[in-house]
Amino acid sequence: MSDNRRSTTRHDVDLPCAVEDGEAREARVVNLSVGGALIEYPRRPMGHRVALRLHLPAPANHTIEIGAVVRWSADNEIGVQFDGLRPKDVWALNKYFESR
């Protein structure tokens, strides 16, 4: 049995993003929800804070800039939980998901 405590649906994606972790680095989001993201990025400790910049393509055509907390980490991936999405970010994410 899986221990899945997520309250939002994940969507497989392949989107570039920038991760600010002392310095800005390019990365890739491989799965995304209104609650967080799985990002191809070097391992970080649980609880570590990062800042993300992610552009959602049309029809959303919206850039999200948000803080996040690392909740899961492996060699080349981190799972992050978003820290306070704005209503317009939630709207843009849902519009993007509906278009796929």
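Mapping of the sequence shown onto the numbering used here: position 29 corresponds to residue 341, and the numbering continues sequentially without gaps.
By construction, the Cβ of each residue, glycine as well, lies at the ideal position given by its N, Cα and C atoms.
| Query | Result |
| --- | --- |
| 7 Å CB neighbourhood of Q393 in its chain, flanking five on each side removed | G347, G348, A380, V381 and R383 |
| Burial state of V414 (16 or more Cβ within 10 Å) | Any property of residue 414 remains undetermined from this structure, which presents the chain solely from 313 to 412. |
| Delimiting residues of the alpha helix (DSSP H) encompassing D401 | P399 to E410 |
| Cross-strand partners of P328 (DSSP beta bridge) | R340 |
| Straight-line gap, A372 to A404 (C-alpha atoms, nearest Å) | 5 Å |
| Per DSSP, the bridge partner or partners of A386 | E389 |
| R322 versus D333: straight-line alpha-carbon distance, rounded | 24 Å |
| Paired residues, beta bridge with R365 - DSSP | A330 and E377 |
| Closest by C-alpha distance to C329, when choosing among L368, D395, T320 and R398 | L368 |
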